[in-house]
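Numbering (our numbering), first residue to last: 902 to 1226. The beta carbon of each residue, even a glycine, is placed where N, CA and C say it ideally should be.
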Ligand code: TXA
Ligand code: MG
């Protein structure tokens, strides 16, 4: 199942010739291209149906490459890189001269991370350069956490899929902006704010206090086909029954705290009580409810601490108003 040395060599060759490779990371699967090849980067946007102004993350093989891709790296940014890379942390930094503007959507900043997955790290080592990669899903939809999800979603639009098994973290990386003097979390993710603050020794700007400031941070994102409705944990069963009675095919993400006694719904997923397990399963649960034909998903938010913060953020966005374009 997991990619062989031959697969890695082939994937590196595809990247060198301007193609697209889907690669496993510890968070979600990415759709990768040579970050220094603007034509290859343009193919990413076409394959995803993503507007070209939405900046991409550049994946690097080690923290030692930081100064090749970014300029004016602050001591705090360097400390976070050294402490959390490889890992699910993306740092927004001043862009270095080798970063094409196609990657940054014209911004003067660049998002960088070193993924913590053996297959991704082997590919990065073999390829040598940076790999620009958004999540390997169609624009706005749920990120893939298995190679099968990628194949189902992108099919022939990707030249080669490296299979690294199911993703360990399951939600995307935490994005921290280091370019505006005060560090702020642009997207909660696999590294918790609590652990960032423990390393920095001071609080970060809260994610909810950060306004939408770059493309790619729309309210509706990470969304399954089914509409998502969020209610209080003790209202899940009643809301599901009501909607089912109204003729919906209701899928339920049942909180671990709620008893699964006679829930009236088309499909019920009992979510794990452990936030790490919930995060790992989240996108698969949403995809599964879509596949079972649900048109409405009733869910509640987990406690918003540690990894629960990232899960709640994705559920809110899944429930957000859908884009018309
Ligand atoms: O875990 C992850 O981060 C996954 C894996 C594949 O690494 N990647 C991922 O990429 O989630 P994507 O493209 O789906 O999300 C990248 C986010 C977008 O919301 C984008 O706006 C933000 O990163 N971003 C990229 N460059 C930025 C920049 N220069 N300034 C601010 N935000 C940026
Ligand atoms: Mg994405």
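Rounded to the nearest angstrom, the gap between the Cα atoms of residue 943 and residue 1018 is 25 Å.
For residue 1151, the pairing in a beta bridge is given by DSSP as 1197. Take the alpha-carbon of residue 989 and the one of residue 1074: they are about 4 Å apart.
The closest CA to that of residue 1078, considering only 965, 974, 1003, is found on 974. Remark: three or more beta-carbon pairs, one from each stretch, lie closer than 8 Å, so the region 1036-1051 and the region 1064-1073 are flagged as touching. If you draw a straight line from the Cα of residue 903 to the Cα of residue 1134, it comes to about 38 Å. In the DSSP assignment, residue 960 falls outside any alpha helix (DSSP H) and lies within the beta strand (DSSP E) extending over 958-960.
Of the other Cβ atoms in all chains shown, fewer than 16 fall within 10 Å of the Cβ of residue 1026; this residue is therefore exposed.
Note that the C-beta distance between residue 1131 and residue 1206 is not below 8 Å. DSSP, read as helix, strand or coil, puts residue 1216 in helix. No Cβ-Cβ contact shorter than 8 Å links residue 994 with residue 1024. In the structure shown, residue 1040 adopts coil according to DSSP, grouped into three states. Secondary structure note for residue 1223: it is in no beta strand (DSSP E), with a DSSP letter that is neither H nor E. At least one heavy atom of the ligand MG lies less than 7 Å from the C-beta of residue 1044.
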